[in-house]
Amino acid sequence: MIKSELKKLLDIVKELDKKVVVVFLAVAVLQTISWYYTSRMFFRANIFNRLEYFPNIYLIEYLYWFIGDFFVFFILSALIIKFVLKEKVKAYGLTVGDFSVGIKFTLLFLVIMVPIVWVVSSYPEFAATYPQYKSARESWVTFFIFETGMLIYMFAWEFIWRGFMLFGLEKKFGYYTVFIQMIPFLILHNGKPAGETFGAIIAGVALGVLALRTRSFLYGVIIHEAVMFSINLFSTLRYKAGDYGIGINSMIKLVKEIF
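If you read the sequence shown in the working numbering, its first letter stands for residue 825, the second for the next number, and so on.
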């Protein structure tokens, strides 16, 4: 009986689409590597004590996370595409794609999202959360170093979901792959402000559709980074100005903080 069941299982495995299996397993393994070895949690437990007297040690902690995940999510994924799947990384959205459509929808997204971010940045829970590295509020140099690291991270983050996973599963699942990649994307937002987490459902679907339509994940990088940058910028300016209003006077007061 056991031998018969094992044979049936082996026959099922032989019928599986190799590419789909590789993509699913790779995403699972890469996400696990990220969680246990390139996270701030790992840095804090294994590296922090050795460097705690370094200036800006907490900034180094964030940069470790950003650069580490860039290596795991982008570099390792690209190596899997090239040497395991024997395909070109360009086929997974690493291209400008349909620029005309991409830039129009990118601008449309930002026209919609930036005003929303302006409003929600006035909420106490957002003010308490962003920027994640609180010392970025104290120095513009530190702020832009942090944001540069965030851009590197966002590039890799978009690639793993809207590049590697989305295009890797497209042939098998078609547009259903938009919903497949949205689920882990959403789960990884758990623990953030509720509005942001619910918004990740819409964002995950919208960015997935945009990536398939343009054949590029790069527009998702621009949108995601622009939204995060605006959240961090508005939160920092509100902190400096001590103003959490949403009217024109508050906006003028915050702009003055830049200069």
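Just so it is clear, CB atoms sit at the ideal spot from N, CA and C, and this is done for glycine as well.
Quantities reported herein were computed from a predicted structural model and do not represent experimental measurements.
- DSSP, read as helix, strand or coil, puts T972 in helix.
- A Cβ-Cβ distance of about 20 Å is found for the pair F872 and M974, leaving them out of contact under the 8 Å criterion.
- Within the stretch 829–873, the runs of alpha helix (DSSP H) at least 4 residues long that lie entirely inside it are, in chain order, 842–861 and 864–870.
- Each of F929, K1016 and F970 was checked against the Cα of A1030, and the nearest Cα belongs to F929.
- Rounded to the nearest angstrom, the Cβ distance from I884 to V846 is 34 Å, too far for a contact under 8 Å.
- Residue A951 holds the alpha-carbon nearest to the alpha-carbon of S1054 among V908, G1071, Q1005 and A951.
- Excluding its 5 nearest sequence neighbours in each direction, W985 has C-beta neighbours in its own chain below 6 Å: Q1005 and F1009, listed in chain order.
- If you check the CB distance, W981 and F848 do not come in under 8 Å.
- Of the candidates K832, A1050, L932 and G892, G892 places its Cα closest to the Cα of Y977.
- In this structure Y957 is not in contact with F968, their Cβ atoms being roughly 12 Å apart against a cut-off of 8 Å.
- A distance below 8 Å separates the beta carbons of G1044 and A1035.
- With a minimum length of 3 residues, there is no unbroken run of beta strand (DSSP E) contained wholly in the stretch 1016–1058.
- Just so you know, the alpha carbons of F991 and F1041 end up roughly 10 Å apart.
- The C-beta distance from D1067 to S1074 rounds to 5 Å, short enough to meet the 8 Å contact threshold.
- Beyond the five residues adjoining it in sequence on each side, G921 comes within less than 7 Å, by CB distance, of T1038, R1039 and S1040 in the same chain, given in chain order.
- In the three-state DSSP reduction, T919 falls in the coil class, being neither helix nor strand.
- At the C-beta level, L918 and G987 come within 8 Å of one another.
- In this structure, DSSP gives G1071 a state outside helix and strand, which the three-state scheme calls coil.
- V1033 is the residue among V1033, I1007, F979 and T1021 whose C-alpha sits nearest the C-alpha of Y999.
- Distance from the CA of I927 to the CA of I1072, rounded to the nearest whole angstrom, comes to 28 Å.
- Taking K906 as the centre and dropping the five residues before and after it, the same chain places the C-beta of V913 closer than 7 Å to its C-beta, in chain order.
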